[in-house]
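Let me begin by presenting the structure, written as structure tokens, before commenting on it.
2 protein chains.
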Amino acid sequence: MNNKTNNLDTVYQRIWEAIVAHKLLPGTRLKEEDLSETFGLSRGFVRKLLLQLSYHKLVNLVPNSGAFVAEPSPEEARDIFQARRLIEAELVRELASKCTVREKKLLLEHLEREHQAIEQGDQSLRIRLSGEFHLLIGKLADKPVLTSFLHEIIPRSSLIVALYQGSGSRKGRANHSGLSCSEHNALLDAIAGHHVDQAVQLMIDHLNEIEAQLQLEPAAEEDVNLKHIFAEF
Amino acid sequence: MNNKTNNLDTVYQRIWEAIVAHKLLPGTRLKEEDLSETFGLSRGFVRKLLLQLSYHKLVNLVPNSGAFVAEPSPEEARDIFQARRLIEAELVRELASKCTVREKKLLLEHLEREHQAIEQGDQSLRIRLSGEFHLLIGKLADKPVLTSFLHEIIPRSSLIVALYQGSGSRKGRANHSGLSCSEHNALLDAIAGHHVDQAVQLMIDHLNEIEAQLQLEPAAEEDVNLKHIFAEF
DNA sequence: TGTTGCTTTATTGTTGACAATGTGGCTCTG
DNA sequence: CAGAGCCACATTGTCAACAATAAAGCAACA
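Protein chains in written order, with my numbering: chain A, 1 to 233; chain B, 234 to 466.
Right, here's the structure in full:
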């Protein structure tokens, strides 16, 4: 029970990272008391926390039953990426048409951190930073409503990427990290250069690229647990 | 303390209607105990309620101070309408390209109810139904993410419309009601007729029309209370 | 052996009492 | 009389015990 509400955000982020890093597999039950003991928070706080996580669709809150790590379906994944394309294209359009030197610098600094994360091989950090790059664009575009929407789906997006990037690491991972980052670079150039249409297109391509990397099979609708068991190997 | 969670939604809606109908003016403080007594709910439930309202930006939750009915600024209003245009254009595009007879019927039935509300002069109901028409389009378009975004901003939109439609009823209100409804009609025709581009354009025009009706002055940044006092007369 | 119903147990949901905090009024002083 | 500091009250925030519910285990029966 340290510094209250601040701590709440910290714990939120720790749980989020655990989910994205697949330390907490989808479907895992999150018991209130366990979390309470683990993080030294009262059950009341844990409750708030779970509520927030469920708002962001990272956990599934089943009444009288418990909280479970969400398992977004391929359909949800596609839906989310469609929404992202729509929203982020608009945000990039805004930002590209009015990007200042100061804003460019902020984006550059962020990219630098992304680059470091990749070099250090910190996959979890990389995913988070990659998401935050998009959020930064929203913030700088100064469109509070659209940006708040982004805040709602980007964590979900990260979960999806973690889920469907496939445990089969056949040529995927490392390449993808670099690819994503270099796409961010190109995006930054277009934005800073006020090449509006090009920036928009790059953003759309970038999101398409991420989605295309995912292994979104038609989703065998059968026993979901089986799928997870097989996914272990 | 009747039927628990169901009641929560009911109360939520009652408060929402009170806000939109200007029975609760922006800035009004909502005391937990008052609400608790008024609706026969425990303070815990009231707390949840206020949390939900604050998520939808209908009330402002100030820590250790209280909950206040939100007063969206003209900037927020514009931002929200921009977001609506972006999202609803997309939803209409989706729906118009795949609208079935059954879906057309649902929309028609809704319009009928809107029409009745206007005839009965029930302004509060009319605003709610008008919002719900847009939500229905989202639902039928079968785009969960974008539709959930709509759910978040349409109540806010309604508050804004109520706030800025101006107390001066000079030729506005009644006309506007009918106008909005007839625009909904035209929209429905285009959607049901699968005239995709036309439907999209009608939606954008419609939203522009609503925004244009608002009296969004540059917002005298001075003492906000004064503005409200003057608005009383 | 498999299934149904019951009992126990583990977990979530709710409430009321208590603690923390902010606000307004009062007094005292310059 | 104006202003600062203090005190009391009103209100929100937190917690811990209790109630309600669902899951798990068990036993009896087919």
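Just so you know, even glycine gets a beta-carbon here, dropped at the ideal spot from N, CA and C.
What you are looking at is a predicted structure, and each value in this text was computed from that prediction instead of being measured.
(request) Could you name the residues of the same chain whose beta carbon sits closer than 6 Å to that of Cys99 (chain A), not counting the 5 residues immediately before and after it, in chain order? (result) The answer, listed in chain order, is Ile191, Ala192.
(request) Tell me, please, which residues DSSP counts as bridged to Arg262 (chain B). (result) In the DSSP output, where bridge partners are listed per residue, Arg262 (chain B) has B:Phe301.
(request) Could you have a look at Leu358 (chain B) and say whether DSSP puts it in helix, strand or coil? (result) Helix.
(request) Measuring only between beta-carbons, confirm whether Phe278 (chain B) sits less than 8 Å from chain A. (result) Not an interface residue.
(message) Distance check for Leu362 (chain B) and Arg346 (chain B), CA to CA, integer angstroms please.
(response) So the alpha carbons of these two residues sit roughly 8 Å apart.
(message) For Lys264 (chain B), count the other beta carbons within 10 Å of its own beta carbon; 16 or more makes it buried, fewer makes it exposed. Which is it?
(response) Exposed, by the Cβ-count rule.
(request) Within the same chain, show all residues whose beta-carbon is closer than 6 Å to that of His343 (chain B), passing over the 5 residues directly before and after it, in chain order. (result) So the qualifying residues of the chain are Phe366, Leu369.
(request) Under 6 Å Cβ to Cβ from Ile127 (chain A), same chain only, skipping five residues before and after it: list those, please. (result) Closer than 6 Å at the Cβ level, and outside the excluded window around Ile127 (chain A), lie Val20, Ser158.
(request) Could you pull out every residue in the same chain whose Cβ sits closer than 8 Å to the Cβ of Leu383 (chain B), ignoring the five residues on either side in sequence? (result) Closer than 8 Å at Cβ, skipping near neighbours: Arg317, Ile320, Glu321, Leu324, His367, Leu368, Gly371.
(message) Please report the straight-line C-alpha distance between Val279 (chain B) and Ser269 (chain B), rounded to a whole angstrom.
(response) Cα-Cα distance, rounded: 6 Å.
(message) Which residues does DSSP list as the beta-bridge partners of Asn293 (chain B)?
(response) In the DSSP output, where bridge partners are listed per residue, Asn293 (chain B) has B:Phe301.
(request) State the DSSP-derived secondary structure class of Lys338 (chain B), mapped to helix, strand or coil. (result) The answer is helix: DSSP assigns Lys338 (chain B) an H, G or I state.
(message) Going by beta-carbon coordinates alone, are Pro259 (chain B) and Val295 (chain B) separated by less than 8 Å?
(response) Pairing Pro259 (chain B) with Val295 (chain B) gives a Cβ-Cβ distance that is not under 8 Å.
(message) Relative to the C-alpha of Asn208 (chain A), which candidate in A:Asp189, A:Val196, A:Val161, A:His195 has its C-alpha closest?
(response) Closest by alpha carbon: A:Val161.
(request) Give the DSSP-derived three-state secondary structure of Gly277 (chain B) in the structure shown. (result) Gly277 (chain B) sits in a helix when the DSSP states are folded into three classes.
(message) Quick check on DSSP: helix, strand or coil for Glu450 (chain B)?
(response) Correct three-state label for Glu450 (chain B): coil.
(message) Taking the alpha helix (DSSP H) that Leu24 (chain A) belongs to, which residues open and close that run?
(response) Run containing Leu24 (chain A): none; DSSP gives neither H nor E here.
(request) Rounded to whole angstroms, what's the CA-CA distance from Cys414 (chain B) to Gly364 (chain B)? Just pull it up for me. (result) Cα to Cα, Cys414 (chain B) sits roughly 11 Å from Gly364 (chain B).
(message) Taking the beta carbon of Lys23 (chain A) as the centre, do at least 16 other beta carbons fall within 10 Å, making it buried, or is it exposed?
(response) It is exposed - the Cβ of Lys23 (chain A) has fewer than 16 other Cβ atoms within 10 Å.
(request) Grab me the residues of Ala310 (chain B)'s own chain with a C-beta within less than 7 Å of its C-beta, minus the 5 sequence neighbours each way, in chain order. (result) Cβ neighbours of Ala310 (chain B) beyond the five flanking positions: Ile393, Tyr397, Leu447, Leu449.
(request) Put Thr333 (chain B) into one of helix, strand or coil per three-state DSSP. (result) Thr333 (chain B): coil per DSSP, three-state reduction.
(request) Give a yes or no on whether the minimum CB-CB distance between Ala83 (chain A) and chain B is below 8 Å. (result) Yes, Ala83 (chain A) lies at the interface with chain B (some Cβ there is under 8 Å from its Cβ).
(request) Inspect the beta-carbon positions of Ala140 (chain A) and Glu103 (chain A) and report whether they are closer than 8 Å. (result) Here the sequence assigns Leu to residue 140 (chain A), which means Ala is not the residue at that position. For the 8 Å CB-CB criterion, Leu140 (chain A) and Glu103 (chain A) form a contact.
(request) Identify each residue in the stretch 195-206 of chain A for which the Cβ-Cβ distance to at least one residue of chain B is less than 9 Å, and report them in chain order. (result) Listed in chain order, the positions of the stretch 195-206 of chain A with a beta carbon within less than 9 Å of a beta carbon of chain B would be empty, since no residue qualifies.
(message) Does Arg389 (chain B) pass the burial test, meaning 16 or more other C-beta atoms within 10 Å, or should it be called exposed?
(response) When all chains shown are included, Arg389 (chain B) counts as buried.
(request) Excluding the 5 residues preceding and the 5 following His206 (chain A) in the sequence, name in chain order all residues of the same chain whose CB lies nearer than 7 Å to its CB. (result) Result list for His206 (chain A): Glu183, Leu187, in chain order.
(message) Taking beta-carbon pairs under 7 Å, can you tell me which members of the stretch 376-396 of chain B lie near chain A?
(response) Result list: Lys376, Pro377, Val378, Leu379, Phe382, Ile386.
(request) Can you pull the chain A residues whose beta carbon is under 8 Å from the beta carbon of Leu319 (chain B), in chain order? (result) Within chain A, the residues Leu86, Ile87, Glu90, Leu146 have their CB atoms less than 8 Å from the CB of Leu319 (chain B), given in chain order.
(message) Taking the straight line between their C-alpha atoms, what separation do you get for Arg247 (chain B) and Glu119 (chain A)?
(response) Taking the straight line joining both Cα atoms gives about 55 Å.
(message) Checking 8 Å against the spacing of the C-beta atoms, do Lys290 (chain B) and Leu241 (chain B) come in under that value?
(response) Leu241 (chain B) is positioned such that its CB atom lies no closer than 8 Å to that of Lys290 (chain B).
(message) Just checking: is the beta-carbon of Asp242 (chain B) within a distance shorter than 8 Å of some beta-carbon in chain A?
(response) With 8 Å as the cut-off, Asp242 (chain B) does not count as an interface residue toward chain A.
(request) Mind checking which residues open and close the alpha helix (DSSP H) that includes Ser390 (chain B)? (result) Run containing Ser390 (chain B): 377-397, per the alpha helix (DSSP H) assignment.
(request) Give a yes or no on whether 8 Å exceeds the smallest Cβ distance from Ile80 (chain A) to chain B. (result) With 8 Å as the cut-off, Ile80 (chain A) counts as an interface residue toward chain B.
(request) Please state if the CB of Ile80 (chain A) and the CB of Ile153 (chain A) are separated by a distance shorter than 8 Å. (result) In contact: Ile153 (chain A) and Ile80 (chain A) (Cβ atoms closer than 8 Å).
(request) Compare the C-alpha of Pro305 (chain B) against each of B:Asn293, B:Leu328, B:His348 and name the closest. (result) Selected option, being the one with the closest Cα: B:Asn293.
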